[in-house]
Amino acid sequence: MDIQINENSPRQARTDKSFLICLLKKHITLFLFILFSCLSAFGQKTYQKTYFDNGNLKSEGWVENNQKTKYWKFYYKNGTLKKEGRFNKGKETKYWYFYRADGTKEKEGHFNNGVKNKWWLFYDDMEMIIHKCQLKNNQKNGYCLMYENKKIISARKYKAGKQIKEWTDFKSFRKENNLRDLQ
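Per the numbering used here, residue 31 is the first one in the sequence shown, and the count goes up by one each step.
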């Protein structure tokens, strides 16, 4: 018994069309799956830790798109905290703290896009403020207040990193300056 298939029959045309549609749907589904897998892996945040040769923690924080992001901590080889602060797209941002190898606070201040700006505080070995300075683009720009035993002993004014004026008493400083500039 011979079965003949008429290739021009409507039934065969429907079967070929259905097969092609099904095959096309599978390819589109596979393409979309691969595309979304790549996109979701690209934007994933991971928590990263690095270590010194001695096994102590060197740094820890979030990485997104191969750049540091969110809060990070960095350590000295002895395990003491060295600095901590936020990153945005791989650059320091917002408020940061810096410590000496013995764990005492050294300085703290603002970053904007990896650049030191606004007020920065600097500490002696006993964690007493020794001076506060306004910075702009990593340079002293504005006022620096010098302290001794928690009291202001002098004030200096800087422009683009160069000292332009100094006062050794508060009365003369106040006479020549607006205290709102110290905010």
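C-beta: ideal position from N, C-alpha, C; glycine also. Nothing here was measured: the structure is a model prediction, and the numbers come from that model.
- Closest in C-alpha terms to Met-176, from the list Lys-121, Asn-86, Phe-200, Leu-111, comes Phe-200.
- Judged by DSSP secondary structure, Phe-203 falls within the alpha helix (DSSP H) whose first and last residues are 200-206.
- In the three-state scheme derived from DSSP, where H, G and I count as helix and E and B as strand, Lys-56 is classed as helix.
- Judged by DSSP in its simplified three-state form, Arg-210 adopts helix.
- With fewer than 16 other CB atoms across the displayed protein chains lying within 10 angstroms of its CB, Ala-131 is exposed.
- For Lys-47, the secondary structure class from DSSP, reduced to helix, strand or coil, is helix.
- Between Gln-164 and Lys-148, the gap from beta carbon to beta carbon is short of 8 Å.
- With respect to Lys-137, Phe-152 sits close: the two C-beta atoms are nearer than 8 Å.
- Looking at the DSSP output, Lys-100 bridges to Phe-117.
- In the three-state reduction of the DSSP assignment, Gly-172 falls in the strand class, which pools E and B.
- Taking Asn-143 as the centre and dropping the five residues before and after it, the same chain places the C-beta of Lys-121 closer than 6 Å to its C-beta, in chain order.
- Under the DSSP assignment, Ala-185 falls in the beta strand (DSSP E) whose first and last residues are 181-189.
- By the criterion of a C-beta distance shorter than 6 Å, Cys-174 is surrounded in its chain by His-161, Cys-163, Arg-186, once the five residues flanking it on both sides are discounted.
- Looking at the backbone, the Cα of Ser-202 and that of Thr-134 are separated by about 34 Å.
- Apart from the 5 residues on each side of it in sequence, Tyr-127 sits with its Cβ closer than 6 Å to the Cβ of Glu-114, Glu-138 in its chain, given in chain order.
- The three-state secondary structure of Lys-124, taken from DSSP, is strand.
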